[in-house]
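S.K.: Structure in structure tokens, see below.
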Amino acid sequence: MLSYILKRLVYMIPTLIGMSIISFAIIQLPPGDYLTSLMSTLADGGAPIDAATVERLRSQYGLDQPIWLQYGKWMAGILFRGDFGFSFEWNQPVAEVIWSRMGSTLALSFAALLFVWAVSLPIGIYSAVRRHSVGDYVFTFLGFIGLAVPNFIFALTLMYVSFRVFGQSVGGLYSPEYVDAPWSWAKLWDLIMHLWIPIIVIGTSGTAAMIRILRANLTDELAKPYVTTARAKGLPEYKVIVKYPVRIALNPFVSAIGWVLPELVSGVTITAIVLNLPTAGPLLLRALVAQDMYLAGSFILLLSVLTLAGMLVSDILLALLDPRIRFN
Amino acid sequence: MTMTPSLDDAVLEDGPAISGLKPGLAPTSDAAAGQWTLIARKFLAQKLAVFCGGVILALYLVAALAEFLAPGLPDTSRAQFTYAPPQSIGLFTPEGTFQPHIKGYKVEIDQEALRRTFVVDDSIVVPIGFFVEGPAYKFWGLFESNRHLMGPLDPTQPMYLLGADRLGRDLLSRLIYGTRISMSIGLIGVCLSLMLGVVLGSISGYFGGWIDTVVQRIIEVVSAMPTIPLWLGLAAAIPLTWSPVQVYFVITVIVSLLGWTGLAREVRGRFFALRNEDFVTAAKLDGSSERRVIFRHILPSLTSHILAVVTLAVPSMIIAETSLSFLGVGLKAPVVSWGVLLQDAQNIRSISTAPWLLIWPSLAVVIAVLSFNFFGDGLRDAADPYES
Amino acid sequence: MDSPILSVEDLSLDFHLRTHILHAVRNVSFDLYRGRTLALVGESGSGKSVTARALLRIVDRPGQMVGGRILLRTDHIELDLAPLAANSREVRAVRGARIGLIFQEPMASLSPVHTIGSQIDEMLRLHAGLDKKAARARTIELLGQVEIPNPAEMADRYTFEFSGGMRQRAMIAMALACNPDVLIADEPTTALDVTTQAEILDLIKRLQVERGMAMLLITHDMGVVAEVADDVAVMRFGKIVEQGSVDDIFHAPRHPYTKRLLASTLKLEQAAEVRAGQRGEPGPILTIRNLAKTYGGAKGFLGTSKFAVKAVDDVSLTLNAGENLGIVGESGSGKTTLGRLILRTVEPSSGQVLYKDRQGRDVDVTALSKSGLRKFHADVRLIFQDPFASLNPRMTIGQIVGDPLVVAGGHTARQIQEKVAELLGLVGLDPAVMERYPHAFSGGQRQRIGIARALALDPRVVIADEATSALDVSIRSQILDLLLDIQQRLDLSFIFISHDISVVRYFCDRVAVMHRGKVVEVGPADKICTAPDADYTRALISAVPNPDPRHKRMLHRTRFNPDLQPTA
């Protein structure tokens with residue numbers, strides 16, 4: 000088991016390197032570097048800086064060095080000093096800006112993942128066991144809708160509906176009176192009341208996809224001989240289903256974290272922009288629009304690492320769940 | 000002991016006992032039916048998928064004939080009709096004569112908000128007709144015309160069947176023009192994706208070994224990264240100075256860049272599974288070269304699956320374009336796409352003033368995506384007519 | 000004889016399929032008695048397995064019972080299972096407790112993610128009401144009874160850690176856990192090797208007699224019937240065509256189908272009459288020298304070196320022109336790999352294959368270039384085991400059979416069509432089937448198509464890899480006769496790879512016996528099948544069930560323990 004986890008960890012190193020290269024490529028992608036944009040900003044503001052200063056800054060930030068060396072420096076900074084570079088827009092190190100936003104992103108993604116599991120498990124089982132029933136068709140249809148509606152449209156629609164029905168806007172994580180208030184039960188309740196909309200928005204398409212996967216897998220498993228064996232033992236039907244095929248159909252359910260989590264993180268990003276939630280999303284968009292590239296690249300890298308960590312967790316869960324994986 | 004049954008049925012039966020589902024209904028024979036015949040039969044049996052295929056066809060028809068179908072031009076703004084609400088079509092005038100028409104607007108001043116608002120005025124009748132003359136356009140930029148499928152008989156009269164936006168532009172016309180952009184991005188994007196997937200997949204499959212490993216790792220890395228942040232990162236790098244056409248193509252490339260991994264993975268998986276099939280080994284032993292094995296035996300088994308996977312990839316491209324444009328890093332005005340239209344519905348204020356700006360473009364996206372999903376699902380189910 | 004413990008009366012089952020209704024079981028009646036075994040025999044599609052499942056009411060959708068009674072008489076109470084709901088409490092109380100069931104595929108029939116012990120415990124807790132500890136103690140006792148070594152330890156292992164035979168023993172322990180009155184064994188040994196089959200049948204028979212259970216044995220193998228059954232019911236297309244004592248069925252069959260079934264079985268108990276013997280110019284056409292294939296053995300991921308598996312270990316054989324060489328062995332003996340090595344679809348690790356071509360030159364197959372190998376493949380052809388997977392479903396029969404000719408080039412479309420028609424005629428198919436697709440044909444017909452394809456290029460050697468093992472026994476002998484008939488007409492040599500001794504005895508002149516990658520014995524077919532020299536061969540031959548209830552062979556078999564043999 001320990002060697003298995005170790006193996007997965009080692010296996011992830013190349014993936015991590017690949018992700019960091021892509022993130023760095025995005026940092027480098029806009030024409031010019033951030034000094035160019037700084038210069039133009041300063042020039043716009045009527046305070047142009049002279050060429051010597053630019054050169055000094057350029058070598059100070061290592062911008063005159065070859066690309067791979069810059070990449071190496073950036074990575075070394077992150078790995079050894081937790082230094083992600085400098086955010087020009089915020090005029091402070093990226094690391095100062097980024098962590099609190101990553102925390103809320105993680106929390107929201109995790110909550111959405113739990114939502115996905117909690118909803119899709121019972122529905123998936125129901126749909127597979129009662130295939131072609133009215134309920135199955137209803138869920139299948141809802142699932143298709145869930146897959147078809149993009150997150151941001153869903154968020155806008157819920158916003159509009161709640162505005163019409165409750166007469167209040169649902170942006171942010173707290174009502175105005177609680178934003179700066181100290182933690183209390185009332186504040187927590189307020190948070191929960193604000194959280195359900197983003198969680199539903201983010202989780203719905205994942206839930207729909209998961210229901211389809213579980214339904215397909217469970218349908219396959221239900222036809223396997225070991226289910227007949229369990230039935231031939233005289234077990235009651237619900238026990239036959241829950242103990243055997245459902246247990247095995249959980250495998251794809253757990254391993255699906257691998258692709259559901261990137262989707263959820265994606266969803267958190269765009270939903271947060273629409274609903275104005277204090278996660279990485281709005282900040283990332285702002286950084287990109289302002290070409291504050293170190294901040295943006297760091298966000299992209301960290302969001303990717305977040306999904307990778309999720310995959311590691313899913314690998315471990317999978318091994319716990321299935322002895323065939325554990326033993327090989 | 001039970002007695003042995005009498006030997007009266009000593010004449011041997013030559014097959015299992017079957018009977019038709021309904022009396023007099025002979026089972027059809029597909030002994031001489033080829034792959035595509037079987038696939039078509041299996042597909043046509045799925046009514047919903049067939050219907051959605053029709054919807055997709057209709058959408059592309061709208062995209063193709065946008066200039067003619069749209070009652071107006073997408074960027075004619077009339078400041079005096081800001082946020083004009085949708086009108087509905089009536090068939091009989093208040094006098095009782097048959098005359099398709101729409102109702103005109105009148106202005107009311109909202110005393111509380113101190114705003115001008117439009118309400119439909121039932122007393123003003125604006126007659127409309129088919130194949131009317133309206134604003135001049137250049138069809139696909141090729142030849143000029145001013146015929147429109149439908150419009151007010153008097154071109155100076157306003158017609159806003161789906162309402163107007165902040166600049167008093169006709170939402171219906173914009174939606175129809177947007178269909179061309181949004182639906183074509185899906186199509187072109189998926190073609191690019193397919194090309195990338197097939198090229199990389201074949202390189203990976205053909206050479207195998209470390210090249211295969213590298214390609215697989217690249218796929219893994221790309222598919223493990225959350226798409227929207229990546230899209231944002233790539234799209235934000237597009238210089239503001241680029242022309243709309245350039246932006247259009249770059250966005251298509253970005254959207255397809257990140258969609259090919261799923262395609263490549265699926266194709267590769269099926270390819271490898273087929274490579275170990277007995278009939279492929281048989282083809283090799285029959286003397287077929289590697290090329291012939293691939294083109295004569297493996298690809299024909301793959302095409303229907305590829306078709307299904309490709310269809311199912313289109314919706315994600317449409318959603319990607321829409322999301323990027325909505326966030327302001329994708330397509331930008333004056334280009335009109337569904338995503339660009341949704342930019343006007345970004346905050347609760349504009350949505351509550353003019354809900355149609357959210358409803359109609361959203362509906363277009365959802366209908367397109369749903370249709371592709373159902374259609375692709377039907378294709379996928381029909382793709383392998385040989386599995387039981 | 001006392002009254003039957005289970006009576007089936009006029010049982011009928013229908014399957015509502017997409018295009019038609021299949022009457023899978025029609026008015027089937029039989030009785031089961033304590034201490035006696037009724038064998039329900041039939042070929043594929045006869046409805047025998049569905050009948051067995053119907054007794055426990057576990058027929059899968061879309062099957063449904065449309066008539067009949069299933070009377071279970073235990074404790075002086077007669078219970079009719081037929082009218083009860085399939086998942087009712089009464090039916091569940093019968094399943095596992097009164098009627099135990101053993102399946103064909105022990106791997107697939109046991110849960111892969113639960114330990115063997117927990118799967119048996121569950122039954123004891125359910126029906127016998129034992130607590131956790133008592134159930135486990137009883138499980139361990141049961142595993143001991145089915146002769147699983149270290150039962151206490153093995154109870155905590157998973158299915159994939161068991162060998163095939165051990166899995167089936169565990170399955171038996173589970174079926175017997177609650178002392179059922181009736182045991183249903185559905186093809187319990189079909190997936191097993193012949194020596195393992197003998198052990199499992201031994202075990203089942205012994206436990207049945209010890210416990211005085213009634214047994215319903217479902218099988219397609221007349222040999223197994225003769226060895227194990229007391230009474231026999233022969234099923235065909237959902238009907239029982241004949242029923243009687245095992246001796247009557249084997250020695251005084253009345254129904255033409257029973258006669259035919261027996262004739263096909265008995266035919267394979269001797270050498271074919273028409274066997275060609277040595278023909279053509281004598282001398283070897285294929286010579287295999289020290290051929291070996293090793294898998295694995297490379298460095299593992301974290302520097303740990305994995306175990307090397309010798310699939311084929313230093314094999315030397317010759318195939319003479321016009322001769323039929325049989326290669327027999329159990330699963331994992333390396334016989335299939337050997338066939339693939341000769342064709343080089345799998346590359347040998349070492350050794351040589353020499354082929355004497357039409358000009359009489361020796362060709363070193365192991366050193367051939369791609370184009371040379373292509374020529375070799377035109378002369379040495381392969382017939383596959385699976386008649387379904389080996390034909391491309393997307394091509395017509397004409398395209399499939401003609402494909403080698405198209406690739407070879409030099410033929411007009413018309414010539415190809417004529418040749419294909421001729422080939423189809425040769426394998427006993429109407430040339431008009433050329434326009435059809437494989438899905439329109441049965442397994443036997445498909446195998447004929449595969450043979451026609453193999454013959455398209457006028458080959459000299461045909462390697463048949465388990466070419467008849469997917470077929471029913473009556474079809475099997477037809478295909479073998481077809482191959483022999485073709486050999487009479489064309490100048491062919493065969494390498495016949497099979498796990499089935501009787502097929503090899505019928506078809507081959509010489510036989511090589513493989514065990515764990517090595518050839519343990521080569522000799523004339525008659526000698527190998529009657530008086531073999533090697534201990535392993537003796538054990539193998541004596542484990543083959545004899546289709547004659549008056550001469551049961553299996554129970555007196557010789558046993559072979561490879562681990563007790565001196566290593567060579």
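Residue numbers (numbering that gives the first Met the number 0), protein chains in the order written: chain A, 0 to 327; chain B, 0 to 387; chain C, 0 to 567. Glycine residues also receive a C-beta, built at the ideal position from the N, C-alpha and C atoms.
MET122 (chain C) to CYS177 (chain C), Cα distance in whole Å?
M.R.: Translated into positions along the third sequence, residue 122 (chain C) becomes position 123. Translated into positions along the third sequence, residue 177 (chain C) becomes position 178. So the alpha carbons of these two residues sit roughly 7 Å apart.
S.K.: Determine the extent of the alpha helix (DSSP H) in which VAL215 (chain A) is found, giving its start and end residues.
M.R.: Taking the first residue of the first sequence as position 1, residue 215 (chain A) is located at position 216. Correcting the residue type first, residue 215 (chain A) is Ala in the shown sequence and not Val. Residues 184-221.
S.K.: Buried or exposed: PHE271 (chain B), going by 16 or more other Cβ atoms within 10 Å of its Cβ?
M.R.: Your numbering for residue 271 (chain B) matches position 272 in the second sequence. With a threshold of 16 other beta carbon atoms within 10 Å, PHE271 (chain B) falls short and is exposed.
S.K.: Take every Cβ of the segment 317-333 of chain B, pair it with every Cβ of the segment 110-127 of chain A, and state whether three or more of those distances are shorter than 8 Å.
M.R.: no
S.K.: Considering SER254 (chain A), what are the terminal residues of the alpha helix (DSSP H) in which it resides?
M.R.: Position 255 of the first sequence, counted from the first residue, corresponds to residue 254 (chain A). Here the alpha helix (DSSP H) through SER254 (chain A) covers 244-254.
S.K.: List in chain order: all unbroken alpha helix (DSSP H) runs of 4+ residues lying wholly within the segment 290-367 of chain C.
M.R.: 334-342
S.K.: Hey, out of A:LEU172, A:PHE143 and A:LEU213, whose CA is closest to THR270 (chain A)'s CA?
M.R.: Residue mapping note: residue 270 (chain A) aligns to position 271 of the first sequence, counting from 1. Cα-wise, what sits closest to THR270 (chain A) is A:LEU172.
S.K.: When Cβ atoms are compared, which residues of the segment 157-175 of chain C fall closer than 7 Å to chain A?
M.R.: TYR157 and PHE159
S.K.: Strictly below 7 Å CB to CB, what residues from chain F border PHE278 (chain B)?
M.R.: Of the chains in the structure shown, none is chain F; the protein chains are A, B and C.
S.K.: Is it buried or exposed, LEU301 (chain C), if we count other Cβ atoms within 10 angstroms and call 16 or more buried?
M.R.: If you number the third sequence from 1, residue 301 (chain C) lands on position 302. With a pLDDT of only 46 at LEU301 (chain C), under 50, the local geometry of the prediction cannot be trusted, and no value is derived from it.
S.K.: Would you kindly check if the distance between the Cβ of PHE383 (chain C) and the Cβ of ASP277 (chain B) is under 7 Å?
M.R.: As a first step, residue 277 (chain B) is located in the second sequence; it is residue number 278 there, counting from the start. As a first step, residue 383 (chain C) is located in the third sequence; it is residue number 384 there, counting from the start. In contact: ASP277 (chain B) and PHE383 (chain C) (Cβ atoms closer than 7 Å).
S.K.: Cβ closer than 9 Å: which chain A residues qualify as neighbours of HIS126 (chain C)?
M.R.: Locating residue 126 (chain C) in the third sequence gives position 127, where the first residue counts as 1. By Cβ distance, chain A contributes LYS232 and GLY233.
S.K.: Classify GLY282 (chain C): buried if its beta carbon has 16 or more other beta carbons within 10 angstroms, exposed otherwise.
M.R.: Here residue 282 (chain C) is taken as the residue at index 283 of the third sequence, counted from 1. Looking at its Cβ environment, which holds fewer than 16 other Cβ atoms inside 10 Å, GLY282 (chain C) is exposed.
S.K.: Got a sec: is the Cβ-Cβ distance from SER361 (chain B) to anything in chain A below 7 Å?
M.R.: The residue you call residue 361 (chain B) lines up with position 362 of the second sequence. Yes, its Cβ sits closer than 7 Å to a Cβ of chain A.
S.K.: Using a cut-off of 9 Å between C-beta atoms, extract the partners of GLU219 (chain B) located in chain C.
M.R.: By 1-based counting over the second sequence, the position of residue 219 (chain B) is 220. Within chain C, no residue comes near GLU219 (chain B); the closest Cβ sits about 17 Å away, beyond 9 Å.
S.K.: Take PRO150 (chain C) and list the residues in its own chain whose beta-carbon comes closer than 6 Å to its own, dropping the five residues that flank it on each side.
M.R.: Taking the first residue of the third sequence as 1, we reach residue 150 (chain C) at position 151. In chain order, ILE139, LEU142 and GLY143 place their CB closer than 6 Å to the CB of PRO150 (chain C), counting only its own chain and leaving out the 5 sequence neighbours on each side.
S.K.: Using 7 Å as the threshold, is the C-beta distance between VAL314 (chain C) and TYR294 (chain C) below it?
M.R.: Within the third sequence, residue 314 (chain C) is the residue found at index 315, counting from 1. Within the third sequence, residue 294 (chain C) is the residue found at index 295, counting from 1. No, they are not a contact pair.
S.K.: Can you give me the C-alpha to C-alpha distance between ARG68 (chain C) and GLY99 (chain C), rounded to a whole angstrom?
M.R.: As a first step, residue 68 (chain C) is located in the third sequence; it is residue number 69 there, counting from the start. As a first step, residue 99 (chain C) is located in the third sequence; it is residue number 100 there, counting from the start. It is roughly 19 Å from the alpha-carbon of ARG68 (chain C) to the alpha-carbon of GLY99 (chain C).
S.K.: What are the start and end residues of the beta strand (DSSP E) that includes ASN26 (chain C)?
M.R.: Taking the first residue of the third sequence as 1, we reach residue 26 (chain C) at position 27. Its beta strand (DSSP E) spans residues 19-31.
S.K.: Cutting at 8 Å between CB atoms, please list the residues of its own chain near LEU307 (chain A), excluding the five before and the five after it.
M.R.: If you number the first sequence from 1, residue 307 (chain A) lands on position 308. Once the five neighbours on either side are set aside, the close Cβ partners of LEU307 (chain A) are MET11, THR14, LEU15 and MET18.
S.K.: Mind checking who ALA463 (chain C) pairs with in its DSSP beta bridge?
M.R.: Residue 463 (chain C) sits at position 464 when you count from the first residue of the third sequence. BP columns for ALA463 (chain C) point to C:ILE382 and C:PHE495.
S.K.: Can you name the start and end residues of the beta strand (DSSP E) that LEU37 (chain C) belongs to?
M.R.: As a working note, residue 37 (chain C) is residue 38 in the third sequence. 36-40 is the extent of the beta strand (DSSP E) around LEU37 (chain C).
S.K.: Let's test the definition: count the other Cβ atoms within 10 Å of the Cβ of TRP73 (chain A) and tell me whether it reaches 16, buried, or not, exposed.
M.R.: Here residue 73 (chain A) is taken as the residue at index 74 of the first sequence, counted from 1. Buried is the call here.
S.K.: Would you please verify whether the beta carbon of ILE20 (chain C) is less than 7 Å from any beta carbon of chain B?
M.R.: Start at 1 with the first residue of the third sequence, and residue 20 (chain C) comes out as number 21. Chain B, which has a Cβ nearer than 7 Å to the Cβ of ILE20 (chain C), makes this yes.
S.K.: On the CB-based measure, 16 or more other CB atoms within 10 Å of its CB, does TYR225 (chain A) come out buried or exposed?
M.R.: Start at 1 with the first residue of the first sequence, and residue 225 (chain A) comes out as number 226. Label assigned to TYR225 (chain A): buried.
S.K.: Consider the Cβ of MET122 (chain C): report whether some Cβ of chain A lies at a distance smaller than 7 Å.
M.R.: Here the question's residue 122 (chain C) lines up with position 123 in the third sequence. Closer than 7 Å: yes.
S.K.: Relative to the alpha-carbon of PRO179 (chain C), which residue among C:ILE500, C:LEU5, C:ALA310 and C:PRO392 has its alpha-carbon at the smallest distance?
M.R.: If you number the third sequence from 1, residue 179 (chain C) lands on position 180. The shortest Cα separation from PRO179 (chain C) among C:ILE500, C:LEU5, C:ALA310 and C:PRO392 belongs to C:LEU5.
S.K.: Going by DSSP, what residue range makes up the alpha helix (DSSP H) through VAL519 (chain C)?
M.R.: By one-based count along the third sequence, residue 519 (chain C) stands at place 520. No alpha helix (DSSP H) holds VAL519 (chain C); the beta strand (DSSP E) holding it covers 517-523.
S.K.: Report the option in C:THR189, C:MET214, C:GLY46 and C:GLN103 whose CA atom is closest to the CA atom of LEU37 (chain C).
M.R.: Locating residue 37 (chain C) in the third sequence gives position 38, where the first residue counts as 1. Measuring from the Cα of LEU37 (chain C), the nearest candidate turns out to be C:MET214.
S.K.: Compare the beta carbon distance of LEU353 (chain C) and THR286 (chain C) with 7 Å and say whether it is the shorter of the two.
M.R.: Along the third sequence, one-based indexing puts residue 353 (chain C) at 354. Along the third sequence, one-based indexing puts residue 286 (chain C) at 287. Yes, they are a contact pair.
S.K.: Please identify, using Cβ separations under 7 Å, the residues of the segment 421-444 of chain C that lie next to chain B, in order along the chain.
M.R.: GLU434, ARG435, TYR436, HIS438 and ALA439
S.K.: Mind pulling the alpha helix (DSSP H) runs of 4 or more residues that sit fully within the segment 153-185 of chain C?
M.R.: 163-175
S.K.: Determine, using beta carbons only, whether ILE147 (chain C) comes closer than 7 Å to chain A.
M.R.: Counting from one through the third sequence, the residue named residue 147 (chain C) turns up at place 148. Output row for ILE147 (chain C): interface = no.
S.K.: Can the beta-carbon of ALA367 (chain B) be found less than 7 Å from the beta-carbon of LEU58 (chain B)?
M.R.: Residue mapping note: residue 367 (chain B) aligns to position 368 of the second sequence, counting from 1. Residue mapping note: residue 58 (chain B) aligns to position 59 of the second sequence, counting from 1. Taking 7 Å as the Cβ cut-off, ALA367 (chain B) and LEU58 (chain B) qualify as a contacting pair.
S.K.: Could you tell me which residues DSSP puts in a beta bridge with ARG146 (chain B)?
M.R.: For this step, residue 146 (chain B) is matched to residue 147 along the second sequence. BP columns for ARG146 (chain B) point to B:GLU132.
S.K.: Nearer than 6 Å: is that true of the beta carbon of SER203 (chain B) relative to any heavy atom of the ligand ATP?
M.R.: Among the components of this structure there are no ligands whatsoever, and the ligand ATP is therefore not found.
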